[in-house]
Amino acid sequence: AQRVTQPEKLLSVFKGAPVELKCNYSYSGSPELFWYVQYSRQRLQLLLRHISRESIKGFTADLNKGETSFHLKKPFAQEEDSAMYYCALVSHTGGFKTIFGAGTRLFVKA
Amino acid sequence: SQTIHQWPATLVQPVGSPLSLECTVEGTSNPNLYWYRQAAGRGLQLLFYSVGIGQISSEVPQNLSASRPQDRQFILSSKKLLLSDSGFYLCAWRSSGANVLTFGAGSRLTVL
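The listed protein sequences correspond, in order, to chains A and B.
Going by the working numbering, the residue at position 38 of the first sequence is 38; the numbering climbs one at a time, nothing skipped.
Numbers given in the working numbering equal positions in the second sequence, counted from 1, plus 1000.
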């Protein structure tokens, strides 16, 4: 079954501390993985995708096929990083459905 | 540039009343369209998706239905709302050739 698991509902860190939001997936085949973010009073939007191998707003995520993980990391958290983060997987069958995890709310304390 | 509109933004309806949420996309053609429901602690649940006019796929059996009367219009409906239909509904589109979703601002439905 295709599934995305985000084990942490809430993650609270101090400003300047490293942050890691965990994501594990279940998918038969080569996965296409994404992180989406929803800031307060803003639309849900793409943060980054594993294909691009890019760093966005200081965040990176590496696909680990052996551990079936796609954790989101940032070495130094900022208060403006406080938001809801969703890990997502695209299923390449029938309409290219995007399957989301339950989300992790990140709270960065001053 | 492409934009996506959802309305109404907020809706309060009595149990048993009908529902119609609309979503339109501008600046693109033949998009894949999706309806999600966002619930706290449960993430985004895919409700329906459409790959073309009149083509609707349902992911979860429920009290809701969807229609796509035009290429860039996607409608979420119900004949009789239940309390459990309350939630935050998101419309999204995906352009062909890319797998990134662009979301609307959402519609918050409260059923009393």
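Using N, Cα and C, we set each Cβ at its ideal position, and we do this for glycine too.
Item	Value
Stretch pair the segment 1004 to 1012 of chain B + the segment 1047 to 1067 of chain B: three plus CB contacts closer than 8 Å	no
Presumed contact (8 Å Cβ cut-off) between H50/A and L33/A, rounded CB distance	5 Å
Residues that N64/A bridges to, as DSSP identifies them	S69/A
Helix, strand or coil at L1112/B according to DSSP, with G and I counted as helix	coil
Contact check, A102/A vs E79/A, beta carbons under 8 Å	no
Amino acids of chain A, ordered along the chain, whose beta-carbon sits closer than 7 Å to that of A1105/B	R43
Interface residues of chain B facing G97/A [CB-CB closer than 8 Å]	One point to set straight first is that residue 97/A is Lys, not Gly, in the sequence displayed. Those are Y1034, L1046, Y1049 and E1059, listed as they occur along chain B.
CB-CB length for G16/A against A77/A, believed under 8 Å	7 Å
Where S1084/B falls: helix, strand or coil (DSSP)	helix
Per-residue contacts from F59/A into chain B (C-beta, under 8 Å)	Correct list: empty, because the minimum Cβ distance to chain B is about 16 Å.
Contact check, Y25/A vs P18/A, beta carbons under 8 Å	no
Beta carbon proximity, R1108/B to chain A, threshold 8 Å	no
Straight-line gap, L1019/B to D81/A (C-alpha atoms, nearest Å)	36 Å
K74/A burial status per 10 Å Cβ neighbour count (16 or more: buried)	buried
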